[in-house]
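Novice:
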Amino acid sequence: MSSVKKDWKVYIPLAVVVVAVVVGGIYWYVDYSSYLKTDDAYVASDNISVSSKIMGRISHLYVQEGDSVKQGQLLAELDSADLLAQKKQIVAGKAQTEANKAQTEAKFIFDQKSIKVAQIAFEKAKEDFERSKTQYNGGVATKEQYDHNKKALETAQAQYEAATAQLQVSKSQIKTAEASIVSADAQIGVISTQLNNTKLYAPADGVIAKRWLLPGDIAQPGQSIYTVNNNNKFWILVYLEETKMEKLHLGQNAIFTIDTYPDVTFKGKIFTVSSSTASQFSLIPPNNASGNFTKVTQRVPVKISIDATEGGQKLSSFKFMTGMSAVVKIVKE
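For the sequence shown, the working numbering assigns the number 9 to the initial residue and increments by one for each residue that follows.
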């Protein structure tokens, strides 16, 4: 009898192991047949780059990494001393040009009057010459009278032509001044825009995720000074194997856990499935033209919304941060 009891004591641990393996196998099978599972997933949101449109030295940075910012909040300033000096110089030059233009316009009016006087004198000199010419040919006027009227005509004609030329010079100077004023206005407009661009504002509500430059650094056009993490909306970014894409579709349900909150199961739906694999957007996309080819299972970016929790907790009670790791199960349908 004692021998039988001894045999049972030997088999009980073995039976427990067998039951555990069977239960585990059933759980694994149910889990495998019900879900597409991956741990290549993390919390994501829009990251917005705050960059300068112009080159300039950073004079002030008003926020640091981790600071919350509101849309339109001043984040940074570039040194504007050189631009202000240029604008002042152009404004002064424009004022001088406007003063010169006013003087030229006054002279233009005077020249218009002068040309009328010269024209009248020229017409009278022509009449006097024609009369003296007729009288000279008829023997009535002397050679001296004829030569005098001819000289007077030449002088009057020269004065009329000079007055006409001077009027054209004044007109040309006015047009040149007007063009210079238009050019100055354009330059002032460009510099004013550049001055506005020395101030950088938050493009959206969010959190400063990264500061890339320091006061005194030279910011190049398009170079990021800050990266703002838009914390108004988060989602789960999943890189799903291409072998699991066959029956995937928009609106498909998913459950997932986030490593920061391992005891909470979140629910969501697929709202974006990329049209390309992730490798196509890597810094060095794959190129198999060389003949060196190693087949690797590609992964496709899939976005899943964060809609609720299975326990009913409010999402506002959780603090999400870009990059948090997640384990995702997409419900097979």
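The C-beta atom is built at its ideal place from N, Cα and C for all residues, glycine as well.
My output table needs one value for L161: the three-state DSSP class, helix, strand or coil.
Specialist: Within the sequence shown, numbered from 1, the residue matching residue 161 stands at position 153. Note: L161 maps to helix in three-state DSSP.
Novice: Using the Cα positions of Y154 and A173, report the straight-line distance between them to the nearest angstrom.
Specialist: The residue you call residue 154 lines up with position 146 of the sequence shown. The residue you call residue 173 lines up with position 165 of the sequence shown. Going from the Cα of Y154 to the Cα of A173 covers about 29 Å.
Novice: For the beta strand (DSSP E) that contains F8, what are its first and last residues?
Specialist: Lying outside 9 to 341, the shown extent of the chain, residue 8 is not represented and no answer is given.
Novice: Who are the near neighbours of S352 in its chain, counting only those whose CB is closer than 6 Å to its CB and skipping five residues on each side?
Specialist: The first residue shown for the chain is 9 and the last is 341, placing residue 352 beyond what the model contains.
Novice: Taking the alpha-carbon positions, what's the I199 to L221 distance?
Specialist: What you label residue 199 is simply residue 191 of the sequence shown in a count that begins at 1. What you label residue 221 is simply residue 213 of the sequence shown in a count that begins at 1. Cα to Cα, I199 sits roughly 24 Å from L221.
Novice: Who does Y247 pair with in a DSSP beta bridge?
Specialist: Translated into positions along the sequence shown, residue 247 becomes position 239. DSSP lists P309 as partners of Y247.
Novice: Quick one: is I312 buried, meaning 16 or more other Cβ sit within 10 Å of its Cβ, or exposed?
Specialist: Numbered from its first residue, the sequence shown carries residue 312 at position 304. Buried: at least 16 other Cβ atoms inside 10 Å.
Novice: Relative to the C-alpha of N261, which residue among K241, F279, S67, D119 is closest?
Specialist: Indexing the sequence shown from 1 puts residue 261 at position 253. For N261, the nearest C-alpha among the options comes from F279.
Novice: By DSSP, does G101 sit in helix, in strand, or in coil?
Specialist: Here residue 101 refers to the residue found at position 93 when the sequence shown is read from its first residue. Residue state, collapsed to three classes: helix.
Novice: Which of the three DSSP states is assigned to F130 in this structure?
Specialist: The count along the sequence shown starts at 1 and reaches residue 130 at position 122. Residue state, collapsed to three classes: helix.
Novice: Would you check if the distance between the CB atom of I182 and the CB atom of T105 is smaller than 8 Å?
Specialist: Residue mapping note: residue 182 aligns to position 174 of the sequence shown, counting from 1. Residue mapping note: residue 105 aligns to position 97 of the sequence shown, counting from 1. No; because the gap between Cβ atoms is not below 8 Å, this pair is not in contact.
Novice: Go ahead and label F130 buried or exposed: buried means 16 or more other beta carbons lie within 10 angstroms of its beta carbon, across all protein chains shown.
Specialist: Position 122 of the sequence shown, counted from the start, is the residue given in the question as residue 130. F130 should be labelled buried.
Novice: By how many angstroms is the C-alpha of L323 removed from the C-alpha of A316?
Specialist: Locating residue 316 in the sequence shown gives position 308, where the first residue counts as 1. Locating residue 323 in the sequence shown gives position 315, where the first residue counts as 1. Spanning the two alpha carbons is a distance of roughly 6 Å.
Novice: Label Y37 either buried or exposed according to how many other C-beta atoms from any shown protein chain fall within 10 Å of its C-beta, with 16 as the threshold for buried.
Specialist: Your numbering for residue 37 matches position 29 in the sequence shown. In this prediction, Y37 has a pLDDT of 46, which is less than 50 and means its spatial position is unreliable; what the coordinates show is noted afterwards. Exposed: under 16 other Cβ atoms inside 10 Å.
Novice: Comparing alpha-carbon positions, which option in E162, S178, K96 lies nearest D1?
Specialist: One cannot answer for residue 1 here, as it falls past the ends of the chain, which runs 9 to 341.
Novice: Report, in whole angstroms, the separation of the C-beta atoms of D48 and V339, which I expect to be a contact under 8 Å.
Specialist: Locating residue 48 in the sequence shown gives position 40, where the first residue counts as 1. Locating residue 339 in the sequence shown gives position 331, where the first residue counts as 1. Between V339 and D48 the Cβ distance is about 18 Å, and since that is not below 8 Å, they are no contact.
Novice: With distances taken Cα to Cα, identify the nearest neighbour of G276 among V236, I226, M253, V336.
Specialist: Translated into the one-based positions of the sequence shown, residue 276 becomes position 268. Ranking the options by Cα distance to G276, first place goes to V336.
Novice: Under a three-way DSSP split, which group does K179 fall into?
Specialist: For the purposes of this step, residue 179 is taken as the residue at position 171 of the sequence shown. Residue state, collapsed to three classes: helix.
Novice: Give the secondary structure of S67 by DSSP, where H, G and I count as helix, E and B as strand, and everything else as coil.
Specialist: Reading the sequence shown from its first residue, position 59 is the one you call residue 67. Looking at S67 - three-state DSSP - the assignment turns out to be strand.
Novice: Tell me whether G64 is buried or exposed, calling it buried when 16 or more other Cβ atoms sit within 10 Å of its Cβ.
Specialist: By 1-based counting over the sequence shown, the position of residue 64 is 56. Per the 10 Å Cβ criterion, buried.
Novice: Could you name the residues of the same chain whose beta carbon sits closer than 8 Å to that of D225, not counting the 5 residues immediately before and after it, in chain order?
Specialist: Looking up residue 225 in the sequence shown gives position 217. These residues qualify, in order along the chain: R65, I66.
Novice: Whole-angstrom Cβ separation of V236 and V77, contact assumed at under 8 Å?
Specialist: Within the sequence shown, numbered from 1, the residue matching residue 236 stands at position 228. Within the sequence shown, numbered from 1, the residue matching residue 77 stands at position 69. Going by Cβ atoms, the distance from V236 to V77 rounds to 7 Å, so yes, they are a contact pair.
Novice: Secondary structure at I117, three-state DSSP: helix, strand or coil?
Specialist: The sequence position of residue 117 within the sequence shown is 109, counting from 1. I117 falls in the helix class under three-state DSSP.
Novice: With C-beta atoms as the reference, is A185 less than 8 Å away from N108?
Specialist: For the purposes of this step, residue 185 is taken as the residue at position 177 of the sequence shown. For the purposes of this step, residue 108 is taken as the residue at position 100 of the sequence shown. Yes, the pair counts as a contact, with Cβ atoms nearer than the cut-off.
Novice: Comparing alpha-carbon positions, which option in D271, M253, A110 lies nearest T305?
Specialist: Here residue 305 corresponds to residue number 297 of the sequence shown, with the count starting at 1. When only C-alpha atoms are compared, the closest one is M253.
Novice: Identify every residue that forms a DSSP beta bridge with Q323.
Specialist: The residue you call residue 323 lines up with position 315 of the sequence shown. According to the sequence as given, residue 323 is Leu; it is not Gln. Partner(s): none; L323 has no beta bridge.
Novice: Whole angstroms is fine: what's the gap from A334's alpha carbon to V310's?
Specialist: If you number the sequence shown from 1, residue 334 lands on position 326. If you number the sequence shown from 1, residue 310 lands on position 302. Their Cα atoms are separated by approximately 13 Å.
Novice: For the candidate residues T268, S283, I314, whose alpha-carbon lies nearest to that of M332?
Specialist: Along the sequence shown, one-based indexing puts residue 332 at 324. With distances taken between Cα atoms, M332 lies closest to T268.
Novice: Let's test the definition: count the other Cβ atoms within 10 Å of the Cβ of E341 and tell me whether it reaches 16, buried, or not, exposed.
Specialist: Here residue 341 is taken as the residue at index 333 of the sequence shown, counted from 1. Result: exposed.
Novice: For S60 versus L86, is the C-beta spacing smaller than 8 Å?
Specialist: Here residue 60 refers to the residue found at position 52 of the sequence shown. Here residue 86 refers to the residue found at position 78 of the sequence shown. Against a cut-off of 8 Å, the Cβ pair of L86 and S60 comes out as a contact.
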